[in-house]
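Numbering follows full-length UniProt numbering, in which position 576 of the sequence shown is assigned residue number 576; successive positions increment by one, without gaps.
Note that beta-carbon positions come from the ideal geometry of N, C-alpha and C, so glycine has one too.
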Amino acid sequence: MDEGGARIRRRVRVRQRSRPGLGSVFAAPTAAELEPGDEEEEEEGELKETVVGSRREKTVEVEVEVEPAQNNDSEEDMFGDYDSFAENSFLAQVDDLEQQYMQVPQLRKHASDLTIKDLCSGSIKHNKLSITTVGNFTELKVDEHTKNQSRHKDVFIEPEPDLLYDVPSSQVLYFENLQNSSNDLGDQSTKEKDWNSFSHKIGNEELPQNSTEHHQQIDDPCSKVGTSSEENRRKSLKEHLKSAMTGNAKAQTPVFSRTKQLKETLLSEEINVAKKAIESSSDDLGPFYSLPTKVRDLYVQFKGIEKLYEWQHTCLTLNSVQERKNLIYSLPTSGGKTLVAEILMLQELLCRRRDVLMILPYVAIVQEKISGLSSFGIELGFFVEEYAGSKGKFPPIKRRGKKSLYIATIEKGNSLVNSLIETGRISSLGLVVVDELHMIGEGSRGAILEMTLAKVLYTSKTTQIIGMSATLTNVEDLQKFLQAEYYTSQFRPVELKEYLKINDAIYEVDSKAENGMTFSRLLNCQYSDTLKKMDPDHLVALATEVIPNHSCLVFCPTKKNCENVAEMICRFLSKQYLKHREKEKHEVIKNLKNISSGNLCPILKRTIPFGVAYHHSGLTSDERKLLEEAYSTGVLCLFTCTSTLAAGVNLPARRVILRAPYVAKEFLKRNQYKQMIGRAGRAGIDSIGESILILQEKDKQQVLELISRPLENCYSHLVQEFTKGIQTLFLSLIGLKIATNLDDIYHFMCGTFFGVQQKILLQEKSLWDITIESLRYLTEKGLLQKDTIDKPKEEIQYSFHITKLGRASFKGTIDLAYCNILYRDLKKGLEGLVLESLLHLIYLTTPYDMASCCDPDWMIYFRQFSQLSPAEQNVAALLGVSENFIGKKASGQPIKKKVDKDIVNRLYLSFVLYTLLKETNIWSVSEKFNMPRGYIQSLLTGAASFSSCVLHFCEELEEFWVYRALLVELTKKLTYCVKAELIPLMEVTGVLEGRAKQLYNAGYKSLTHLANANPEVLIRTIDHLSRHQAKQMVSSAKMLLHEKAEALQEEVEELLRLPSDFPSIAASSEKA
1 MDEGGARIRR
11 RVRVRQRSRP
21 GLGSVFAAPT
31 AAELEPGDEE
41 EEEEGELKET
51 VVGSRREKTV
61 EVEVEVEPAQ
71 NNDSEEDMFG
81 DYDSFAENSF
91 LAQVDDLEQQ
101 YMQVPQLRKH
111 ASDLTIKDLC
121 SGSIKHNKLS
131 ITTVGNFTEL
141 KVDEHTKNQS
151 RHKDVFIEPE
161 PDLLYDVPSS
171 QVLYFENLQN
181 SSNDLGDQST
191 KEKDWNSFSH
201 KIGNEELPQN
211 STEHHQQIDD
221 PCSKVGTSSE
231 ENRRKSLKEH
241 LKSAMTGNAK
251 AQTPVFSRTK
261 QLKETLLSEE
271 INVAKKAIES
281 SSDDLGPFYS
291 LPTKVRDLYV
301 QFKGIEKLYE
311 WQHTCLTLNS
321 VQERKNLIYS
331 LPTSGGKTLV
341 AEILMLQELL
351 CRRRDVLMIL
361 PYVAIVQEKI
371 SGLSSFGIEL
381 GFFVEEYAGS
391 KGKFPPIKRR
401 GKKSLYIATI
411 EKGNSLVNSL
421 IETGRISSLG
431 LVVVDELHMI
441 GEGSRGAILE
451 MTLAKVLYTS
461 KTTQIIGMSA
471 TLTNVEDLQK
481 FLQAEYYTSQ
491 FRPVELKEYL
501 KINDAIYEVD
511 SKAENGMTFS
521 RLLNCQYSDT
531 LKKMDPDHLV
541 ALATEVIPNH
551 SCLVFCPTKK
561 NCENVAEMIC
571 RFLSKQYLKH
581 REKEKHEVIK
591 NLKNISSGNL
601 CPILKRTIPF
611 GVAYHHSGLT
621 SDERKLLEEA
631 YSTGVLCLFT
641 CTSTLAAGVN
651 LPARRVILRA
661 PYVAKEFLKR
671 NQYKQMIGRA
681 GRAGIDSIGE
691 SILILQEKDK
701 QQVLELISRP
711 LENCYSHLVQ
721 EFTKGIQTLF
731 LSLIGLKIAT
741 NLDDIYHFMC
751 GTFFGVQQKI
761 LLQEKSLWDI
771 TIESLRYLTE
781 KGLLQKDTID
791 KPKEEIQYSF
801 HITKLGRASF
811 KGTIDLAYCN
821 ILYRDLKKGL
831 EGLVLESLLH
841 LIYLTTPYDM
851 ASCCDPDWMI
861 YFRQFSQLSP
871 AEQNVAALLG
881 VSENFIGKKA
891 SGQPIKKKVD
901 KDIVNRLYLS
911 FVLYTLLKET
921 NIWSVSEKFN
931 MPRGYIQSLL
941 TGAASFSSCV
951 LHFCEELEEF
961 WVYRALLVEL
971 TKKLTYCVKA
981 ELIPLMEVTG
991 VLEGRAKQLY
1001 NAGYKSLTHL
1011 ANANPEVLIR
1021 TIDHLSRHQA
1031 KQMVSSAKML
1041 LHEKAEALQE
1051 EVEELLRLPS
1061 DFPSIAASSE
1071 KA
């Protein structure tokens, strides 16, 4: 509040019946009585009248400037100037009215008694205020907590931190009593006009919080006044008013209590305190690690986290963290690494007011994280934006108010950083968080992650980088690359015990023992001869020791083995397992059928009643999500799964069993082993976690080496992945003008992870040689052009600039191995683009890398080919694939004419996608093409992502303008692959087709419906939906709705803003 007082805007709405009776109140203060400079405010106080039928509504806006109350001991000092005003205007009018009241004392007494009785029984008791004219008397109510939520509100006050009141409550009550007394005097028309004028002034005020005390003090005087003689009444009027005003003036001005308003004010204050704490070098971190206490409350509310682990506190209070140095930290799986990163992200978003990028390895984990953090974004006022698959806007929307948390996959994170550098906004990115940092050493995705981090380090000195992993070894190289501090701990919230099983004996892994293990126990199980043949590894015995009351994961080498093991275990489980949560398991089966249009995998149909299911990439996204939900809630107690689950979503278990020390045909790596066994032990649920690796005698020595050796080192793949690595990096460096000449490019390369490890990785060639070789390749391919710069002393230096094709390739993040082929295909398509069906466009967006490893079923290919319409056959003819060729391949006849195998394979996959878009049913397409439904799902996801890339590619080349509008719609179709009415719901993170159908059928047909849904109602309406999932879904919908609304609002502001280059008057006069 300003020193001069508080400026308060109040809007009052008074509804009155248009009938004879009480209709007048005293006149409002004149202009002379207002403070100087309030003439404009007085104008705002003019009445606005609207007559509808028999009702008249009046709206008054009054802006009042109130001087703060001062301490005065003398009554005369307080009212010295006020007495004359009251006598000449206010009290004089009361006296005139009083003379009229005396004519009907009986009526007055009756009205007064009614009013006092009503006040005592209702108004003061409920502490509510509203001035509503009903019949011939006025009710008085006070409501300090309700902010105009009913339809017939009388008083509306815009929120302010502090509210003061000019008219004390006792005066309001006193004049109301007079008003009630006058209700029977219908012929006082002149006085009614004056009374009506004054009613608006009174209507502008609300009773203070402690007004009940004033009511109680004045009840008795009111009744006495109503029954006293005429002389006593006239004599006491001024004294009573003066006494009441004195009491109110001495009373402390109350603050209007508004829970939501106070919380927002407190949050704002705490954020300001946190900002100061972060900016200062002191050790005072504020309420909750430089964050408002509301953040701590939200973690309790949303995640049940009441206290941080000791290592988390230590890590957050490190000097390097306080000084915003780059940090790498490593802990075992389930140690709570993510929470530290989240707190650091919230500090950046709320206190430093800068955007944050979080890079995660898989789309499923991105979606899981967005669902978890959207609730925080809604409560704390920041956006959570998804960059995965085909989702994400480049460049991101520039927001002036709220900040954004970008959650991205590795590939989308790279594109996002490129777009920020290109638009000069990289400095707005305050923090980059990388989960599973060890993936920097894994193939092409590792090379992309390395490029992204190297560009951030080179272009922005104010962006902090945080990396975390459970499996890091050669940390020194990573530290040097990221210029980072390192923190590690062996903390694990649940103790993990590792075991090895050889035949019937179980050994505990013990690093102190001579051979690395000590005998623990013999497996006590009574197996029949049949069971021994079916289950030689005793999986049934090991599993039944923990299920159904605890959970178990069985890792298998292959997808087929997962399915076989699940069936085998169920075949030998007792019937008692069928009764455990029987009703809920039937619900899971029912929901699986619903999301698959009545289809259900026969294996799952047999295993789910026992609480068992398989989990691998052969499942559709809908199936996988539903099974994961059932496992997390304990309805399913055992998963047979492949190694991908260890790196995917978090599904911990009491016991983890490794069926064999192999992943497919390759022997297990130490990193893979650590990730798998890391799933054992659920914090807050289990007191211990167990892992059992089953091995044969022949593998014993290799396994003993596996459990004792350190983790594998992490090495750069920047040069090894030639077209996706170093060449793509050079193209983006020159395209973004980060480095355009040979020296600068070489200098950049020296700062990469590869540059740090060049002595280890380069044996024959030097880094300089590889740099020159890569630039020459890009120039020959037509992606770069070389310019010569003359320098003194006869030195010649070359600089490079990017060509149109090169720019399109790096903007579209196209693998450089395919950029020329893509350009050729798009160019050829322009000559005869078939738009009668989607087949031609789908062919152009079918991923090249998936086509290269496709093996068509030629009989199915021929059958599908023969069913094509003439327009679709025309597409095949344009591509050079004839029905005769497919027929000969199907019948096994020799073929003399040479046809490009990649084109044939790509067209076959196009048929699959085309059929899927027409039928939108993965099961029927899976059956028609004899392909696993999970593979078809992967093909669809890959095609949607590649379609988005091709769209960006075409946007950079003017000749491909025709593809732009076409590919926008195709990308949307491929992304969702559902009926059009479900797309708005599927835009919400985590809502897949099955859930979208359930929501649509329940009446939630749009994003707005879902954003305004009550989670408790959703739980009752939607089958198999937990409270946690319902809340996350609603939060995600709200976040998306807010993002869209904010984007539109900012677009409007941008359109209405005066351009910065608008010609000024001065400039015009100069020209003149």
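Checklist entry - In whole angstroms, what is the alpha-carbon distance linking E1051 and K402? => result Cα to Cα, E1051 sits roughly 15 Å from K402.
Item to check | DSSP-derived helix/strand/coil call for D1061 | outcome: Secondary structure at D1061: coil, using DSSP grouped into helix, strand and coil.
Item to check | DSSP three-state assignment for H952, whether helix, strand or coil | outcome: When secondary structure is reduced to three states using DSSP, H952 falls in the helix class.
Checklist entry - What separation, rounded to the nearest whole angstrom, lies between the Cα atoms of L733 and V433? => result If I take the Cα positions, the gap works out to 22 Å.
Item to check | Reduced DSSP secondary structure (H/G/I, E/B, other) of V834 | outcome: DSSP, read as helix, strand or coil, puts V834 in coil.
Checklist entry - Quick one: what does DSSP say H801 is sitting in, helix, strand or coil? => result H801 falls in the strand class under three-state DSSP.
Item to check | alpha helix (DSSP H) runs wholly inside the segment 481 to 544, at least 4 long, in chain order | outcome: Runs of the alpha helix (DSSP H) inside the segment 481 to 544: 529 to 534, 539 to 544.
Next on the checklist: Taking only three categories from DSSP, how would you classify Y387?
Outcome noted: Reduced to three states, the DSSP call for Y387 is strand.
Next on the checklist: Bridge partners for D435 per DSSP, in chain order?
Outcome noted: According to DSSP, residue pairing for D435 in a beta bridge involves M468.
Next on the checklist: Among the candidates V663, R933, N549, Y818, whose CA atom is the shortest distance from the CA of F946?
Outcome noted: The residue with the shortest Cα to Cα distance from F946 is Y818.
Item to check | Residues near I814 by beta carbon distance below 7 Å, same chain, minus five either side | outcome: The beta carbon of I814 sits closer than 7 Å to those of L822, C949, F953, all from its chain and outside the five residues before and after it, given in chain order.
Checklist entry - Going straight from the alpha carbon of L736 to that of E348, what length do you get? => result C-alpha separation (whole angstroms): 26 Å.
Item to check | Reduced DSSP secondary structure (H/G/I, E/B, other) of K403 | outcome: Coil, per DSSP.
Checklist entry - If you compare alpha carbons, which of V356, L711, M568 is closest to I608? => result It is M568.
Next on the checklist: Considering Cα atoms alone, identify which of S597, E386, L542, V635 is closest to K583.
Outcome noted: Comparing Cα-Cα distances from K583 to each of S597, E386, L542, V635, the minimum goes to V635.
Item to check | Below-8 Å beta-carbon distance, L437 vs any chain B residue | outcome: In the structure shown, chain B cannot be found, because there is only a single protein chain.
Checklist entry - Apart from the five residues on each side of it in sequence, which residues of its chain come closer than 6 Å, Cβ to Cβ, to N594? => result Around N594: no qualifying Cβ.
Checklist entry - For F376, which three-state DSSP category applies? => result Three-state DSSP puts F376 in a helix.
Checklist entry - In three-state DSSP terms, what is F639? => result Looking at F639 - three-state DSSP - the assignment turns out to be strand.
Item to check | Extent of the continuous alpha helix (DSSP H) to which Y818 belongs | outcome: Where Y818 is concerned, there is no enclosing alpha helix (DSSP H), given that its DSSP letter is neither H nor E.
Item to check | DSSP three-state assignment for M931, whether helix, strand or coil | outcome: M931 falls in the coil class under three-state DSSP.
Checklist entry - Span of the beta strand (DSSP E) holding A613? => result It spans 612 to 615 - the beta strand (DSSP E) in which A613 sits, taken as one unbroken run.
Checklist entry - Looking at C-alpha atoms only, which residue of A388, T338, K398, L573 is the closest neighbour of V988? => result Closest option to V988, judged by alpha-carbon separation, among A388, T338, K398, L573: A388.
Checklist entry - Can the beta-carbon of S687 be found closer than 8 Å to that of V494? => result Going by C-beta atoms, S687 is nearer than 8 Å to V494.
Item to check | Residue(s) in a DSSP beta bridge with L658 | outcome: BP columns for L658 point to F555, L693.
Checklist entry - Got a sec? Which residues, its chain only, sit under 7 Å from P548 by beta carbon, not counting five neighbours each side? => result Same-chain partners within the cutoff: Y577, H580, G611, C637.
Checklist entry - Any heavy atom of the ligand COA closer than 7 Å to the CB of D297? => result By its list of ligands, the structure shown contains no ligand whatsoever, and the ligand COA lies outside what it can speak to.
Next on the checklist: What does the alpha-carbon distance come out to for the pair T728 and K811?
Outcome noted: Near 11 Å, if we compare the C-alpha coordinates of K811 and T728.
Item to check | Segments of 4+ residues assigned as alpha helix (DSSP H) that fall wholly inside the segment 983 to 1065 | outcome: Entirely contained in the segment 983 to 1065, the alpha helix (DSSP H) runs reaching 4 residues are, in chain order, 983 to 986, 993 to 1001, 1007 to 1011, 1015 to 1021, 1027 to 1056.
Next on the checklist: I'd like the list of long-range same chain contacts for P1059, defined as Cβ closer than 7 Å, with 5 residues on each side in sequence excluded.
Outcome noted: Only residues of its own chain outside the window of five on either side were considered, and among them none has a CB closer than 7 Å to the CB of P1059.
Checklist entry - Taking C-alpha atoms, which residue in P652, S716, L658 lies nearest to residue 1073? => result Because the chain is modelled from 1 through 1072, residue 1073 falls outside the range shown and cannot be assessed.
Item to check | Supposed contact pair V1034 and P1015 - C-beta distance, whole angstroms, cut 8 Å | outcome: The C-beta separation of P1015 from V1034 comes to about 5 Å, placing the pair in contact by the 8 Å criterion.
Next on the checklist: Give me the residue from F911, T633, S882 with the minimum Cα distance to K897.
Outcome noted: Residue S882 is the option with its Cα nearest to K897.
Checklist entry - Are three or more beta carbon pairs between the segment 542 to 560 and the segment 655 to 666 nearer than 8 Å? => result With a cut-off of 8 Å on Cβ pairs, the segment 542 to 560 is in contact with the segment 655 to 666, counting three or more such pairs.
Next on the checklist: Just verifying my parser: in three-state terms, what is the DSSP assignment at L291?
Outcome noted: In the structure shown, L291 sits in a strand (DSSP, three-state: E or B).
Next on the checklist: Tell me the residue span of the alpha helix (DSSP H) that contains S852.
Outcome noted: From DSSP, the alpha helix (DSSP H) with S852 extends over 848 to 852.
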